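In full-length UniProt numbering, the protein residues as written are 1 to 342.
Here is the structure we will look at.
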Ligand code: ADP
């Protein structure tokens, strides 16, 4: 039994935040794991995570700590999941993708291109006793519908459960990739298909949860056995409260749906952390598509890491506090295969 790896990341102040509040920040670093957080009423809270990445942290540091151990295990077909959580504009997509997954400064490359390269490097160095193959799928959950980002005609993918393979996306496109360039090109075409809406929070904010799925097949030459593991990366939609988005009409509906699925994620986390030790607990995985897809990741059989992305500005203190509290709750999840689904 192991718990999730939970990290917090603070992006640098934006130019708007600097205009409004100068260089004031609501966090005070204590060390790599602990910081003081001051809310808008000057109340202080101490938070401790497995690691805290402050404004000057590099993308490579986030990858090394949070993703690399999961990537290594994925090549050994151990399921892994990496999730970015936080309000719109907090740095989820920057952390996940970087400015672009195809061309950007080496230093700024996000988790996704690093994971792709890490996977292929690990396979190369795993020697000749095993043969690996990798397949990619990419979906987004938009308004509680699972859309295939490699084939937009598949706009309502059903989620199924198999005893031997766990949670499956019925009929989802799977692209076989044989090198990092091929993989990144496929992922880039999927990213271009993401639905984006416009809110007052962030003109290009993504209103959907984006899920990247790497299926790793490992064939042991000696006895022809084929093992399969999944590495899932999730860039969640913004966690801000509906009122703050100033949304109306369709955008309001989108925001409510996002809030609902994130609150189900919170309920699942609560249920996983509040269960009696050793006793199977009712976990509401089926209450949203997001938690259904993440069922294997949260309920056991997976190494999972959560990156809680926050703004360091006092103007976003309320949302940052809510993100950090979400992370603290998740910290208490014990990954146990005994969890029962409803
Ligand atoms: P989100 O995906 O949470 O909505 P983004 O990742 O789009 O937020 O980040 C919002 C803005 O902040 C972008 O312009 C992004 O480039 C910038 N940003 C986020 N995190 C960092 C960081 N660690 N370093 C530099 N810029 C960042």
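A virtual CB, placed ideally from N, CA and C, is assigned to each residue, including glycine.
Since the structure is predicted, the reported quantities are computational estimates derived from the model, not experimental observations.
Original post:
Helix, strand or coil for residue 150 per DSSP?
Top reply: Reduced to three states, the DSSP call for residue 150 is coil.
Original post:
Helix, strand or coil for residue 200 per DSSP?
Top reply: Unreliable placement is indicated for residue 200, whose pLDDT of 40 sits below 50; the coordinate value is still reported in the next sentence. Secondary structure of residue 200 (DSSP, three-state): coil.
Original post:
Grouping DSSP H, G and I as helix and E and B as strand, with all else coil, what is residue 42?
Top reply: Here residue 42 sits in coil by DSSP.
Original post:
Start and end of the alpha helix (DSSP H) containing residue 59?
Top reply: Bounds of the alpha helix (DSSP H) holding residue 59 are 59 to 62.
Original post:
For residue 283, which of helix, strand or coil comes out of DSSP?
Top reply: The answer is strand: DSSP assigns residue 283 an E or B state.
Original post:
Is DSSP giving residue 216 helix, strand or coil here?
Top reply: Residue 216 falls in the strand class under three-state DSSP.
Original post:
The beta strand (DSSP E) with residue 138 in it runs from where to where?
Top reply: Residues 130 to 142.
Original post:
For residue 289, which residues from the same chain have a beta carbon less than 8 Å from its beta carbon, with the 5 sequence-adjacent residues on both sides left out?
Top reply: Hits under 8 Å: 141, 144, 145, 146, 159 and 261.
Original post:
Under a three-way DSSP split, which group does residue 239 fall into?
Top reply: If DSSP states are grouped into helix, strand and coil, residue 239 belongs with coil.
Original post:
Between the C-alpha atoms of residue 115 and residue 193, what's the straight-line distance to the nearest angstrom?
Top reply: Between the C-alpha atoms of residue 115 and residue 193 there is a straight-line separation of about 21 Å.
Subject >> Cut-off 8 Å between Cβ atoms - residues of its own chain near residue 292, not counting five sequence neighbours on either side >> reply: In chain order, 159, 167, 285 and 286 place their CB closer than 8 Å to the CB of residue 292, counting only its own chain and leaving out the 5 sequence neighbours on each side.
**OP:** Classify residue 312 as buried or exposed, calling it buried when 16 or more other Cβ atoms lie within 10 Å of its own Cβ.
**Re:** A buried status is given to residue 312, since no fewer than 16 other beta-carbon atoms sit within 10 Å of its beta-carbon.
Subject >> Residue from 20, 29 and 49 whose Cα sits closest to the Cα of residue 349 >> reply: Since the displayed the chain opens at 1 and closes at 342, residue 349 lies outside it and no answer follows.
Subject >> Buried or exposed (CB count within 10 angstroms, at least 16 for buried), residue 29 >> reply: Counting of Cβ neighbours within 10 angstroms places residue 29 among the exposed residues, the total staying below 16.
Subject >> Enclosing beta strand (DSSP E) for residue 5 [first to last residue] >> reply: Residue 5 -> beta strand (DSSP E) spans 5 to 10.
Original post:
According to DSSP, what are the bridge partners of residue 225?
Top reply: Residue pairing by DSSP places residue 225 opposite 220 in a beta bridge.
**OP:** Return yes when the C-beta of residue 104 is under 8 Å from any heavy atom of the ligand ADP, and no when it is not.
**Re:** The ligand ADP has no heavy atom closer than 8 Å to the beta-carbon of residue 104.
**OP:** Answer yes if the segment 4 to 19 comes into contact with the segment 42 to 61, meaning at least three C-beta pairs across the two stretches below 8 Å, and no otherwise.
**Re:** Flag = yes, the segment 42 to 61 and the segment 4 to 19 touch.
Subject >> Assigned exposure category for residue 207 - 16 Cβ within 10 Å defines buried >> reply: Burial call: buried.
Subject >> Endpoints, beta strand (DSSP E) assigned at residue 53 >> reply: Residue 53: member of the beta strand (DSSP E) spanning 51 to 53, first to last residue.
**OP:** Specify, as a first and last residue, the run of the beta strand (DSSP E) that residue 103 falls within.
**Re:** Note, residue 103: premise wrong, no beta strand (DSSP E); not H, not E.
Subject >> Cβ separation of residue 95 and residue 139, assumed to be a contact under 8 Å, to the nearest whole Å >> reply: That belief does not hold up - the Cβ atoms of residue 95 and residue 139 are roughly 20 Å apart, past 8 Å.
**OP:** Rounded to whole angstroms, what's the CA-CA distance from residue 209 to residue 224? Just pull it up for me.
**Re:** When only Cα atoms are considered, residue 209 and residue 224 end up about 37 Å apart.
Subject >> Residue interval of the alpha helix (DSSP H) (run including residue 319) >> reply: Start and end: 317 to 331.
Original post:
Using a threshold of 8 Å, is the CB atom of residue 24 nearer than that to any non-hydrogen atom of the ligand ADP?
Top reply: Remark: the shortest separation between the CB of residue 24 and any heavy atom of the ligand ADP does not fall under 8 Å.
Subject >> Nearest-angstrom Cα separation, counted from residue 56 out to residue 161 >> reply: Using only the alpha carbons, I get a separation of about 42 Å.
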